[in-house]
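Engineer: Each residue of the sequence shown is one higher than the one before, counting from 314 in this note's numbering.
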Amino acid sequence: MEHTEQQLEQKSVGVVEPAFFTFAEDEPFCLESGAQLGPITIAYETYGRLNAERTNAILICHALSGSGHAAGYHDPADRKPGWWDECIGPGKAFDTDRFFVICSNVIGSCYGSTGPASINPTTGLPYGLTFPVVTVGDMVRAQEKLIDHLGIAQLLCVAGGSMGGMQVLEWAAHHPQRVKSAIPLATTAHHSPMLIAFSEVGRQAIYADPSWNNGNYYDNGKRPDAGLAVARMVGHITYLSEMSMHQKFGRRLQQLEKYGYEFDTEFEIESYLKYNGNNFTRRFDANSYLYVT
314 MEHTEQQLEQ KSVGVVEPAF FTFAEDEPFC LESGAQLGPI TIAYETYGRL
364 NAERTNAILI CHALSGSGHA AGYHDPADRK PGWWDECIGP GKAFDTDRFF
414 VICSNVIGSC YGSTGPASIN PTTGLPYGLT FPVVTVGDMV RAQEKLIDHL
464 GIAQLLCVAG GSMGGMQVLE WAAHHPQRVK SAIPLATTAH HSPMLIAFSE
514 VGRQAIYADP SWNNGNYYDN GKRPDAGLAV ARMVGHITYL SEMSMHQKFG
564 RRLQQLEKYG YEFDTEFEIE SYLKYNGNNF TRRFDANSYL YVT
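#1: Given a cut-off of 8 Å, decide if Y357 and N418 are closer than it, judged by their beta-carbon atoms.
#2: With A521 and T594 assumed to form a contact (beta carbons below 8 Å), what rounded beta-carbon distance in angstroms separates them?
#3: For L442, name the three-state secondary structure that DSSP assigns.
#4: Roughly how many angstroms separate the alpha carbons of N592 and E330, rounded to a whole number?
#5: For Y440, count the other beta carbons within 10 Å of its own beta carbon; 16 or more makes it buried, fewer makes it exposed. Which is it?
#6: Hey, would you say A376 sits closer than 8 Å to G515, going by beta carbons?
#7: Determine the burial state of T606: buried for a count of at least 16 other Cβ atoms within 10 Å of its Cβ, exposed for fewer.
#8: Check whether the Cβ atoms of V449 and Q490 sit closer than 8 Å, and answer yes or no.
#9: Taking buried to mean at least 16 other C-beta atoms within 10 Å of its own C-beta, is T409 buried or exposed?
#10: Please list the terminal residues of the continuous beta strand (DSSP E) segment that includes A370.
#11: Check each candidate in L463, W397, A485, L350 and name the one with the smallest Cα separation from I432.
#12: If we ignore side chains and look at the alpha-carbon of each, how far apart do F597 and P429 end up?
#13: Near G478, what residues of its chain come up, given a Cβ to Cβ distance below 7 Å and the 5 sequence neighbours on each side ignored?
#14: Identify whether E555 lies in helix, strand or coil by the three-state DSSP scheme.
#15: Are F333 and I353 close, meaning C-beta to C-beta below 8 Å?
#16: Measuring only the C-alpha atoms, how far is N529 from G590?
#17: Taking DSSP as the reference, what is the three-state secondary structure of G473?
#18: Helix, strand or coil, according to DSSP, for Q467 in the structure here?
#19: Taking Cβ positions, are L566 and F576 nearer each other than 8 Å?
#20: Less than 7 Å between C-beta atoms, sequence neighbours within five positions excluded: which residues of the same chain meet that for R545?
#21: Taking all protein chains shown into account, decide if G425 is buried (16 or more other Cβ within 10 angstroms of its Cβ) or exposed.
#22: Does the beta-carbon of I582 have 16 or more other beta-carbons within 10 angstroms, so that it is buried, or is it exposed?
#23: Nearest CA to the CA of A365: which residue from R411, P403, E345?
#24: Measuring straight from C-alpha to C-alpha, what distance separates L459 and I355?
Quick look at the structure:
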């Protein structure tokens with residue numbers, strides 16, 4: 314359904330245009346691993362206006378599978394707004410009548426910023442696994458380049474959840490002079506052994522998909538969707554506690570009155586995982602999943 318201009322104005326920041334910033338064209342960007350990368354493009358969006366003093370800027374950091382599209386619509390016909398539209402806009406938590414809100418896609422991801430699906434200028438082919446490993450610290454230092462490009466000396470606030478919250482902590486710990494306040498949500502300073510284990514299981518699912526082909530699948534018409542779907546299913550298990558699973562799904566059957574004694578989907582929780590896994594393959598790159606986990 315197409316949204317009217319009045320609806321867009323009332324409910325969100327309206328139609329937004331993605332922007333792109335490229336750096337490290339002459340001198341490569343040195344990563345924490347010692348590897349070098351360049352040129353690097355960052356996809357980002359902004360909402361609201363930067364004041365004359367340049368003191369009202371807020372940086373929003375996205376989670377593992379997120380993007381720089383945090384609010385508004387790319388087209389009036391879009392069914393869904395940006396991933397944090399409920400919090401970004403006129404009169405909302407991040408009030409765009411007062412603040413200049415920025416959200417960028419992290420390097421290594423697949424929503425416009427340089428990542429494994431990007432073209433390596435040296436070879437003319439997608440990077441694939443030749444793309445260097447990036448850390449949260451690398452993501453934040455790339456964001457700092459964007460903030461410099463926008464002419465902002467200090468951010469009023471940096472906010473984000475999950476992997477975005479890890480970026481927030483990185484900003485506060487290693488760039489305190491650039492950040493006035495920080496809002497890390499549902500996050501941690503480092504992965505627990507349990508999360509390391511779940512992440513490895515997800516990566517192994519991608520490796521085991523024959524279509525992954527050691528990361529070289531961009532030009533052969535076959536993507537490792539089966540492996541990526543399983544990886545996402547594993548991820549969704551970590552997003553819910555056992556108690557919340559009981560509350561949300563229990564042992565309810567999916568469109569059945571009794572057990573079918575078959576290997577088809579029987580439980581609601583199974584349907585939930587399969588639905589989210591399959592949907593994820595339509596919007597995310599398997600190699601990027603390896604890098605951001």
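Beta carbons are placed, not taken as given, at the ideal position from N, Cα and C, and that holds for glycine.
Note that the structure is predicted; figures quoted are calculated from it, not measured.
Structural biologist: In brief:
#1: With a cutoff of 8 Å on beta-carbon distance, N418 and Y357 are scored as near each other.
#2: In this structure A521 is not in contact with T594, their Cβ atoms being roughly 15 Å apart against a cut-off of 8 Å.
#3: Helix.
#4: Cα atoms of N592 and E330: separation of roughly 25 Å, rounded to the nearest angstrom.
#5: Flag for Y440 reads buried.
#6: In this structure, the beta-carbon distance from A376 to G515 does not fall below 8 Å.
#7: It is buried - the Cβ of T606 has at least 16 other Cβ atoms within 10 Å.
#8: Against a cut-off of 8 Å, the Cβ pair of Q490 and V449 comes out as no contact.
#9: It counts as buried.
#10: Per DSSP, A370 belongs to the beta strand (DSSP E) from 370-374.
#11: Per the Cα distances, L350.
#12: Between the alpha carbons of F597 and P429 lies a distance of about 12 Å.
#13: Closer than 7 Å at the Cβ level, and outside the excluded window around G478, lie P497, L498, A499, T500.
#14: E555 falls in the helix class under three-state DSSP.
#15: In this structure, I353 does not lie closer than 8 Å to F333 by Cβ.
#16: Rounded to whole angstroms, N529 to G590 spans 22 Å at the Cα level.
#17: If DSSP states are grouped into helix, strand and coil, G473 belongs with the strands.
#18: Here Q467 carries a coil assignment [DSSP, helix/strand/coil].
#19: Going by C-beta atoms, L566 is not nearer than 8 Å to F576.
#20: Here the set comprises N589, G590, F593.
#21: Per the 10 Å Cβ criterion, buried.
#22: It counts as buried.
#23: The residue from R411, P403, E345 with its alpha-carbon nearest to that of A365 is R411.
#24: Distance between the alpha carbons of L459 and I355 is about 8 Å.
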